[in-house]
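Protein chains in written order, with UniProt numbering: chain S, 1 to 365; chain Z, 1 to 365; chain L, 1 to 365; chain C, 1 to 365. I have placed the structure first, in the form of structure tokens, so that the comments after it can refer back to it.
Number of protein chains: 4
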Amino acid sequence: MSGNTFGKLFSVTTFGESHGPAIGCVIDGCPPGLPLSEADIQPELDRRKPGTSRHVTQRQESDTVEILSGVYEGVTTGTPIALLIRNEDQRSKDYGNIADTFRPGHADYTYWHKYGVRDPRGGGRSSARLTAPVVGAAAIAKKWLHQQYGTVFKGCMSQLGEIAVPFQDWSHVPDNPFFAATGDAAVIERMEAYMDELRKAGDSIGARIDVVAQNIPVGLGQPIYDKLDADIAYAMMGINAVKGVEIGAGFKSVEQKGTEHGDPLTPQGFVGNNAGGVLGGLSTGQDITVSIAIKPTSSIRTPRPSIDKAGNPVMVETFGRHDPCVGIRATPIAEAMLALVLIDHALMHRAQCGDVKVSTPDIAL
Amino acid sequence: MSGNTFGKLFSVTTFGESHGPAIGCVIDGCPPGLPLSEADIQPELDRRKPGTSRHVTQRQESDTVEILSGVYEGVTTGTPIALLIRNEDQRSKDYGNIADTFRPGHADYTYWHKYGVRDPRGGGRSSARLTAPVVGAAAIAKKWLHQQYGTVFKGCMSQLGEIAVPFQDWSHVPDNPFFAATGDAAVIERMEAYMDELRKAGDSIGARIDVVAQNIPVGLGQPIYDKLDADIAYAMMGINAVKGVEIGAGFKSVEQKGTEHGDPLTPQGFVGNNAGGVLGGLSTGQDITVSIAIKPTSSIRTPRPSIDKAGNPVMVETFGRHDPCVGIRATPIAEAMLALVLIDHALMHRAQCGDVKVSTPDIAL
Amino acid sequence: MSGNTFGKLFSVTTFGESHGPAIGCVIDGCPPGLPLSEADIQPELDRRKPGTSRHVTQRQESDTVEILSGVYEGVTTGTPIALLIRNEDQRSKDYGNIADTFRPGHADYTYWHKYGVRDPRGGGRSSARLTAPVVGAAAIAKKWLHQQYGTVFKGCMSQLGEIAVPFQDWSHVPDNPFFAATGDAAVIERMEAYMDELRKAGDSIGARIDVVAQNIPVGLGQPIYDKLDADIAYAMMGINAVKGVEIGAGFKSVEQKGTEHGDPLTPQGFVGNNAGGVLGGLSTGQDITVSIAIKPTSSIRTPRPSIDKAGNPVMVETFGRHDPCVGIRATPIAEAMLALVLIDHALMHRAQCGDVKVSTPDIAL
Amino acid sequence: MSGNTFGKLFSVTTFGESHGPAIGCVIDGCPPGLPLSEADIQPELDRRKPGTSRHVTQRQESDTVEILSGVYEGVTTGTPIALLIRNEDQRSKDYGNIADTFRPGHADYTYWHKYGVRDPRGGGRSSARLTAPVVGAAAIAKKWLHQQYGTVFKGCMSQLGEIAVPFQDWSHVPDNPFFAATGDAAVIERMEAYMDELRKAGDSIGARIDVVAQNIPVGLGQPIYDKLDADIAYAMMGINAVKGVEIGAGFKSVEQKGTEHGDPLTPQGFVGNNAGGVLGGLSTGQDITVSIAIKPTSSIRTPRPSIDKAGNPVMVETFGRHDPCVGIRATPIAEAMLALVLIDHALMHRAQCGDVKVSTPDIAL
């Protein structure tokens with residue numbers, strides 16, 4: 001397919017631009033019989049929506065989702081599910097000054113070279129706003145995976161710029177504006193002060209996000225090419241601003257010895273999880289652990305050198321309302337992508353090997 | 001498709017197991033009119049083949065490739081190109097003892113759970129031997145990309161366990177057994193001693209590999225999902241033993257500020273390449289720079305705790321002939337995957353936007 | 001992909017049910033730079049919309065299309081184009097009586113068996129109403145093909161039940177309610193009387209539709225599997241109620257000899273078109289000629305024996321507002337499907353072989 | 001994918017040319033655990049191989065198949081199965097005279113225009129010889145479908161030129177060289193005489209083939225686009241020389257009324273099968289009935305007007321060894337294509353709806 005569809009069997013095809021009339025997606029392949037309404041989807045959208053703290057963009061979008069098809073009397077019918085989200089709070093005039101210049105770090109230059117035309121309002125198609133339909137689609141995936149296997153997804157910010165966020169417990173994540181898994185008020189305060197300072201300086205910062213999927217059947221994935229980890233890497237690197245992806249031990253593997261890295265098996269299960277829940281492209285039944293690097297927001301107030309369409313040098317400063325750390329809202333997005341990968345592989349597994357038999361007791365679960 | 005095909009428009013479908021009669025692939029979508037013979041492919045296969053130094057597996061495979069179709073009178077015809085490589089030096093008995101046990105760090109456990117049956121000889125389908133057909137296919141991709149755009153691919157090992165390998169010049173890569181881009185004999189000697197020690201200890205080690213593609217048209221890639229960087233991450237994470245992928249600044253982005261990360265544009269081109277040659281999922285025309293983490297070889301002589309099929313505890317030690325650092329032979333493989341991603345996107349770009357017009361002078365080229 | 005997307009490079013993914021809130025589609029892969037507005041699409045939708053004569057369903061749908069994305073300042077941007085059509089005139093109560101029974105000739109029985117749940121209102125997803133988004137998408141395809149190659153599409157009803165409609169001239173097609181290519185008032189009157197009688201009898205009838213594409217580049221198609229004619233057959237047989245597809249001489253080929261069937265070539269072009277414009281799966285540059293058989297409408301007032309969900313015998317009569325000959329409105333739909341096949345192959349050809357060079361003079365054009 | 005792969009979940013990717021070193025295919029997605037050896041595949045290949053009677057080409061090919069991968073200890077492992085068939089009896093010199101001319105009815109002209117290069121030996125990639133790997137792959141599909149659902153495939157020639165072959169019983173099919181389902185010696189003699197006359201005249205003739213699949217679960221297929229009947233049409237029209245496809249009542253539907261066409265349901269099952277086993281794109285559980293039109297062989301000895309590459313008029317007569325009626329060997333090929341469509345939909349159904357529950361008693365089975 002042309003490139004704009006995620007997943008082979010649970011396929012999500014999105015549409016829309018940041019400042020167009022609407023954004024949304026069509027989900028093809030959702031199994032029939034799943035109870036579903038907007039109330040299942042809206043909470044996930046609310047987790048990523050803008051305007052929830054002073055550390056993210058102040059754009060006000062309710063991101064209210066409407067299900068246009070595929071659900072009848074509160075149950076999925078097996079036919080395509082279309083989700084529609086109307087855009088509400090565009091201030092396209094904020095972008096008027098960038099129609100003819102290329103913002104450093106943005107897709108302006110590359111889109112213009114590729115297509116010869118681009119919608120500059122709010123980044124058009126390249127806006128992180130386009131992750132909203134994905135999060136909506138993933139809410140459905142999450143519900144199905146939980147119903148089938150008890151799968152749950154968790155995510156947190158583990159580093160904000162130079163500030164490492166020590167992991168305490170997942171339960172803290174909703175209690176602070178950073179998706180930090182810590183109840184240590186001092187850490188949160190330090191993050192808030194750090195962000196305030198950046199905002200004042202007209203600058204932005206990168207972040208590291210960790211996501212985990214728990215309760216996964218053994219054997220999801222393919223031996224070659226559509227390996228579970230390969231598809232996770234594709235999904236994660238495809239999120240706006242992501243520059244690096246690790247699974248399990250990740251880059252720490254470079255300095256590990258074989259005696260250290262390979263997780264031993266015991267009758268009670270694996271000892272350790274350097275594999276991050278994937279061996280040979282297939283899930284081991286352990287937690288799937290993923291870590292991603294998110295670059296600093298490219299839209300900053302500080303003026304930067306660039307060129308215009310004619311190739312002349314210009315200084316660009318970006319107004320509009322932006323997240324000074326796009327990583328902050330990335331946690332629910334990364335969870336969403338992981339859920340989409342997993343449901344796709346769960347359906348593919350079912351095609352190839354039949355219904356998953358969750359053996360009891362299974363050493364790896 | 002079922003999972004075993006790489007690429008949408010330059011599609012590589014592989015087959016084979018480590019100890020079966022043969023391995024190979026079918027390449028669909030190669031443009032017609034490209035001069036091609038086995039002599040174009042064999043040198044790339046020779047770069048990755050085993051047995052070339054004492055630091056890699058001593059399995060002796062000539063990896064002689066035969067073109068079975070798609071070429072007529074020395075020119076590609078536009079029809080599928082099949083490559084066949086016969087397996088030669090299997091010692092399947094080396095693996096007899098592992099048919100009923102699961103080697104830590106290997107795909108044994110996951111394959112057995114998924115399929116209920118597996119070919120244990122040499123890792124079967126999960127063997128790194130299956131990268132040979134890919135390298136063969138990529139030799140064709142490289143030739144076409146070079147013919148069209150002058151694209152070239154380069155790769156080196158930048159870290160071996162705890163030994164960082166300082167980059168001097170690409171020209172040194174073929175002159176040492178590690179694909180190290182250094183002419184510093186002391187560094188090479190240190191690497192050799194390090195490997196000798198590991199081999200003696202029956203252990204293995206991880207590595208970091210860097211690859212670069214140069215002379216790329218601007219605009220290859222898709223805005224959402226099939227982003228160029230997403231597809232690169234998929235390709236790289238799909239290589240055996242890879243646990244992490246970075247593009248451009250990679251994980252360094254986490255600590256970068258926006259004023260530091262976003263590469264400014266000037267009439268003479270970009271200043272800096274934190275982007276790694278990709279913005280908004282599309283190529284910028286700069287070098288595409290990728291870095292990957294490769295875990296230590298899972299097959300080691302040191303006995304390790306595991307279980308057998310019945311769930312009983314066993315100790316597993318792996319005989320056979322293995323690479324103590326699979327990272328050593330990974331460089332040509334990583335280059336190959338990058339080439340396959342790029343030709344696919346080049347063809348997709350042609351479909352959507354017509355022939356690439358390489359403008360002169362283009363600031364980004 | 002899961003099954004609900006038409007086309008590989010110009011991909012149309014539809015959504016919606018007959019009586020849901022809306023129907024629509026996402027078009028991925030439309031080349032950038034094509035001038036486009038709703039005014040380009042609406043006329044094609046109007047050609048197929050219901051309620052235009054007494055011989056088709058009296059359901060009143062304006063079928064007003066809204067472009068939600070992919071167009072900026074009147075020009076396609078290369079990003080996905082979403083089309084939305086709100087449903088307006090549903091009378092779902094007409095279908096209340098069929099929720100628990102299976103209408104003969106309809107998808108009720110098969111959907112229920114497959115999914116265990118179905119939306120019975122107006123046939124749900126199986127309604128011919130779902131051809132509207134396709135016709136909308138094809139309007140874009142037609143515009144691009146015409147701009148690139150001068151391609152035009154024509155279609156007519158060549159048989160209505162037992163009434164053969166002699167072909168006179170394409171210009172007559174818009175002048176009668178049957179898409180008949182005849183200016184013979186007697187034929188039209190006979191057709192009208194025939195339809196009136198059927199309607200009175202509570203019965204329905206089949207039809208044959210012919211479609212043609214003119215001004216096609218030579219060489220579109222693939223040698224094996226995605227042959228141009230194979231994809232046309234897929235597209236046509238996928239239209240609601242189609243039971244047969246012919247290309248060129250079609251079933252007449254069965255009785256033809258080789259000396260009669262094979263169209264000779266001359267310096268001035270082909271003599272004859274038994275091939276229907278396709279040889280070896282590739283376009284010849286001649287007119288592409290396709291003929292399809294459409295079964296009689298399954299929804300009829302005459303009571304028919306069937307069963308209910310519990311397997312008990314029942315009599316089913318279908319109320320609601322139906323086309324007594326679904327073939328009548330099938331002409332623009334068949335043209336649309338042909339256009340979608342051709343643009344997909346045109347883009348695929350461009351990927352594989354570069355821009356089409358329309359040679360002058362080309363004997364086949 | 002680029003076009004050369006059949007099926008989404010049971011994917012067959014072929015390679016080879018008529019006179020190259022070998023032909024074959026890679027089958028991806030075959031479920032694990034199926035007992036399989038060459039002995040399961042060879043008999044199907046033998047049914048279609050040349051040289052079995054005086055009415056087909058005298059080319060002598062053993063068509064001996066070799067399984068290169070995907071089977072371990074006599075059982076499929078779930079990994080790709082590669083089939084290899086070496087070409088043996090090429091007489092490429094027979095084709096020397098056609099390298100520069102275009103044979104009427106053949107792909108010569110279109111290939112040359114598309115690719116600018118072609119392998120003229122034996123038709124190259126466009127040779128019907130390329131159906132051999134497909135028949136091999138389908139032997140595996142048939143075995144799996146039979147094991148799972150008891151599915152069986154049957155096929156016969158129902159018309160040879162002007163000679164209709166009345167159906168008596170499937171059991172007669174192997175007993176005559178025409179795949180005729182009749183034990184009437186007079187009919188067979190008439191067919192033999194007819195063929196002898198054609199051969200003497202240097203001419204060829206068309207045919208009609210009927211194929212049936214029995215014991216199919218209810219509900220295979222997709223509502224829109226990948227309808228079961230649409231995919232069957234694609235598969236059948238893609239067979240060399242096919243110009244028409246019918247399902248169920250086919251073109252007879254044009255003259256049928258709704259009261260006649262729609263098959264009533266009773267507690268004991270459907271009455272009649274005008275649907276051909278498909279309603280709304282999904283299988284009904286009845287026999288799937290397909291009929292195809294095959295054009296006369298284009299390679300005939302009788303000289304025909306054509307042009308050469310330079311556009312000059314020439315007379316072309318085709319030597320070499322050809323089937324005077326390609327329809328004769330088409331029966332096993334059509335069965336094969338039907339089997340490939342059905343296994344693909346069976347796996348897709350399993351992905352979407354889980355394992356098929358074959359209810360007992362099911363009225364439709």
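Where is the CB? At the ideal position from N, CA and C, for every residue including glycine.
Annotation: the stretch 213-245 of chain Z contains the following complete segments of the alpha helix (DSSP H) (minimum length 4 residues), in chain order: 228-237. Here the alpha carbon of A186 of chain L sits roughly 50 angstroms from the alpha carbon of H55 of chain C.
Between A82 of chain L and Q352 of chain S, the alpha-carbon positions lie close to 33 angstroms from each other. Looking from the CA of S291 of chain L, the closest CA among L:A235, L:D108, L:C25, L:G262 belongs to L:A235. Between the stretch 11-28 of chain S and the stretch 112-129 of chain S there are three or more C-beta pairs closer than 8 angstroms, enough to call the two in contact. Chain order gives no chain L residues near D226 of chain Z, where near means a beta carbon separation below 7 angstroms; the closest approach is about 10 angstroms. The contact set of C353 of chain Z on chain S, defined by CB atoms closer than 9 angstroms, consists of K114, Y115, G116 in chain order.
Counting only runs of at least 4 residues, the stretch 252-336 of chain L fully encloses the following alpha helix (DSSP H) elements, listed from N- to C-terminal order: 258-261. Along the stretch 331-353 of chain L, going in chain order, the ones with a CB nearer than 7 angstroms to a CB of chain Z are L347, M348, R350, A351, Q352, C353. For I27 of chain Z, the enclosing beta strand (DSSP E) begins and ends at 22-28.
From the beta-carbon of P31 of chain Z, the residues of chain L found nearer than 7 angstroms are Q352, C353. Take H261 of chain Z, set aside five residues on each side of it, and the residues of its chain with a beta-carbon closer than 7 angstroms to its own are A249, S253, N274, in chain order.
Under the Cβ criterion of 8 angstroms, P223 of chain C is counted among the residues facing chain S. The distance from the Cβ of C325 of chain L to that of L220 of chain L is about 33 angstroms, inconsistent with a contact at the 8 angstroms cut-off. The beta carbons of T151 of chain L and I216 of chain L sit about 6 angstroms from each other, so the pair counts as a contact at 8 angstroms.
The beta-carbon distance between S2 of chain L and G29 of chain S, rounded to whole angstroms, is 3 angstroms. This is short enough to meet the 8 angstroms contact definition. DSSP links Y72 of chain L through a beta bridge to L:V75. The bridge partners DSSP lists for L84 of chain C are C:G24, C:E66. Taking all protein chains shown into account, F167 of chain C has fewer than 16 neighbouring C-beta atoms within 10 Å of its C-beta and is therefore exposed. Taking one beta carbon from each stretch, the stretch 137-149 of chain L and the stretch 333-350 of chain L have 3 or more pairs nearer than 8 angstroms; the two touch. In the structure shown, the three-state DSSP call for G136 of chain Z is helix. As computed with DSSP, A164 of chain L is found in a beta bridge with L:Q159. Rounded to whole angstroms, the gap between the alpha carbons of V314 of chain S and L228 of chain Z is 28 angstroms.
Around the beta carbon of E197 of chain L, a 10 Å sphere encloses fewer than 16 other beta carbons of the protein chains shown; the residue is thus reported as exposed. K295 of chain L is positioned such that its CB atom lies no closer than 8 angstroms to that of K257 of chain L. Each of L:V117, L:T101, L:Q147, L:G155 was checked against the Cα of T182 of chain L, and the nearest Cα belongs to L:G155. Looking only at L:H322, L:L36, L:K49, L:D89, the smallest Cα-Cα distance to I67 of chain L is reached by L:L36. Under the 8 angstroms criterion on CB atoms, G105 of chain S is classed as non-interfacial with respect to chain C. Below the 7 angstroms Cβ cutoff, chain L contributes no neighbours of L279 of chain Z, its closest Cβ being approximately 16 angstroms away. For A22 of chain S, same chain residues with a beta-carbon under 7 angstroms away, outside a window of 5 residues either side, are G16, L84, I85, R86, N87 in chain order. With 16 or more other Cβ atoms from the protein chains shown falling within 10 Å of its own Cβ, V71 of chain Z counts as buried. When secondary structure is reduced to three states using DSSP, K49 of chain S falls in the coil class, being assigned neither helix nor strand. Residue-level contact check: F178 of chain S does not touch chain Z, since none of the beta carbons of chain Z fall below 8 angstroms from its beta carbon. Close to G78 of chain S, with beta-carbon spacing below 9 angstroms, are these residues of chain C in chain order: P223, Q352, C353. When the beta-carbon positions are compared, S204 of chain S and I300 of chain S come within less than 8 angstroms of each other.
Contact between F179 of chain Z and T57 of chain Z does not hold, since the beta-carbon distance rounds to 16 angstroms and is not under 8 angstroms.
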